[in-house]
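Student: Please see the structure below; I have some questions.
Protein chains in written order, with the working numbering: chain A, 49 to 164; chain B, 273 to 386.
What follows is the structure in structure tokens.
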């Protein structure tokens with residue numbers, strides 16, 4: 049079955065330090081991978097995606113993600129965390145059996161807490 | 273450029289009732305997907321509409337139905353509400369013919385079933 053795993057329920061980091069939020073996936077074929085962020089009582093905001101090409105993908109708000117095919121991982125990173133980055137982060141993969149349509153399969157989410 | 277909008281923002285219903293949620297896609301988008309996000313979980317795909325037809329469906333019962341209108345807006349209907357239907361319902365839009373891989377989400381409708 050196709051799936052996404054976010055092994056950490058919560059990540060704590062000090063402001064100014066680098067952050068990493070982990071994601072691993074299991075799909076058939078070439079993966080389309082996404083990161084979204086959710087602030088309290090809000091919908092999901094798109095951060096970045098990997099479809100093909102360079103394994104390091106740059107996105108919004110200084111975030112980037114590294115695609116590693118051999119490890120089936122797509123970890124989200126930021127060189128210097130801000131308190132305002134504190135939110136819930138979701139990794140998602142496109143269901144490769146969805147044909148031309150885009151069913152997304154989400155992980156359970158990782159709560160990022162950035163401390164001053 | 274208006275993003276994805278949803279209405280209402282909050283809704284309280286009782287078991288057995290029916291509810292209709294509404295979504296207007298991002299300008300220029302033609303595909304609408306609906307997701308259910310239970311508390312503490314990631315969003316779960318309900319179904320997707322393109323050209324006014326349901327194109328894909330997740331593992332949800334027939335109590336969940338939808339519609340897409342000629343202007344690409346969409347409705348999600350849930351009949352015979354159960355307590356377990358309490359969740360944040362998210363609408364996402366995309367442009368299918370442009371690859372359409374990126375879905376943009378609305379703020380959601382929070383449904384509470386008592």
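For glycine and all other residues, C-beta sits at the position ideal for the given N, C-alpha and C.
#1: State buried or exposed for residue 75 of chain A, treating a residue as buried only when at least 16 other CB atoms are found within 10 Å of its CB.
#2: Just curious, the beta strand (DSSP E) that residue 375 of chain B is in, first and last residue?
#3: Does residue 312 of chain B pass the burial test, meaning 16 or more other C-beta atoms within 10 Å, or should it be called exposed?
#4: When every heavy atom of the ligand MG is checked, does at least one fall within less than 8 Å of the C-beta of residue 350 of chain B?
#5: Helix, strand or coil: how does DSSP classify residue 355 of chain B here?
#6: If we call anything under 9 Å between Cβ atoms a contact, is residue 381 of chain B one with residue 293 of chain B?
#7: Quick one, which of B/308, B/322, B/337 has its alpha-carbon nearest residue 153 of chain A's?
#8: Secondary structure at residue 131 of chain A, three-state DSSP: helix, strand or coil?
#9: Decide if the region 137-144 of chain A is in contact with the region 82-101 of chain A; the criterion is three or more beta carbon pairs, one per stretch, under 8 Å apart.
#10: Would you give the residue range spanned by the beta strand (DSSP E) that residue 295 of chain B belongs to?
#11: Mind checking who residue 387 of chain B pairs with in its DSSP beta bridge?
#12: Determine whether the beta carbon atoms of residue 56 of chain A and residue 144 of chain A lie at a separation below 9 Å.
#13: Using DSSP bridges, identify the partner residues of residue 54 of chain A.
#14: Residue ranges of each beta strand (DSSP E) run of no fewer than 3 residues wholly in the region 87-114 of chain A, ordered along the chain?
#15: Taking residue 301 of chain B as part of the beta strand (DSSP E), name the residues at either end of that continuous run.
#16: Check whether the Cβ atoms of residue 113 of chain A and residue 67 of chain A lie closer than 9 Å to each other.
#17: On the DSSP bridge list, what partners appear for residue 152 of chain A?
#18: Just to confirm, are residue 320 of chain B and residue 303 of chain B a CB contact at a threshold of 9 Å?
#19: When you compare each of A/162, A/50, A/49, A/151 to residue 329 of chain B by their alpha carbons, which one comes out closest?
Tutor: Reading from the atomic positions:
#1: For this step, residue 75 of chain A is matched to residue 27 along the first chain. That one is buried.
#2: For this step, residue 375 of chain B is matched to residue 103 along the second chain. No beta strand (DSSP E) contains residue 375 of chain B, which DSSP labels as neither H nor E.
#3: Here residue 312 of chain B is taken as the residue at index 40 of the second chain, counted from 1. Counting Cβ neighbours within 10 Å, residue 312 of chain B comes out exposed, since fewer than 16 surround it.
#4: Ligands are entirely absent from the displayed structure, and the ligand MG is therefore not among its contents.
#5: Along the second chain, read from residue 1 onward, the residue named residue 355 of chain B stands at position 83. DSSP places residue 355 of chain B in helix when its eight states are reduced to three.
#6: As a working mapping, residue 381 of chain B is identified with position 109 in the second chain. As a working mapping, residue 293 of chain B is identified with position 21 in the second chain. Result yes, Cβ atoms of residue 381 of chain B and residue 293 of chain B sit closer than 9 Å.
#7: Stepping through the first chain from its first residue, residue 153 of chain A is reached at position 105. Among B/308, B/322, B/337, the Cα nearest to that of residue 153 of chain A is on B/308.
#8: For this step, residue 131 of chain A is matched to residue 83 along the first chain. Looking at residue 131 of chain A - three-state DSSP - the assignment turns out to be helix.
#9: yes
#10: Position 23 of the second chain, counted from the first residue, corresponds to residue 295 of chain B. 291-296 is the extent of the beta strand (DSSP E) around residue 295 of chain B.
#11: Missing from the structure shown is residue 387 of chain B; chain B here goes from 273 to 386 and no further.
#12: Position 8 of the first chain, counting from 1, holds the residue named residue 56 of chain A. Position 96 of the first chain, counting from 1, holds the residue named residue 144 of chain A. Against a cut-off of 9 Å, the Cβ pair of residue 144 of chain A and residue 56 of chain A comes out as no contact.
#13: To locate residue 54 of chain A, count along the first chain from 1; it is residue 6. According to DSSP, which records beta bridges pairwise, residue 54 of chain A is partnered with nothing at all.
#14: 92-98, 104-106
#15: As a first step, residue 301 of chain B must be located in the second chain, where it is residue number 29. Counting along the chain, residue 301 of chain B falls outside any beta strand (DSSP E), and DSSP gives it neither H nor E.
#16: Here residue 113 of chain A refers to the residue found at position 65 of the first chain. Here residue 67 of chain A refers to the residue found at position 19 of the first chain. Result no, Cβ atoms of residue 113 of chain A and residue 67 of chain A do not sit closer than 9 Å.
#17: Here residue 152 of chain A refers to the residue found at position 104 when the first chain is read from its first residue. DSSP lists A/142 as partners of residue 152 of chain A.
#18: One-based indexing of the second chain puts residue 320 of chain B at position 48. One-based indexing of the second chain puts residue 303 of chain B at position 31. The answer is yes: Cβ separation under 9 Å.
#19: The count along the second chain starts at 1 and reaches residue 329 of chain B at position 57. Considering only alpha carbons, the answer is A/151.
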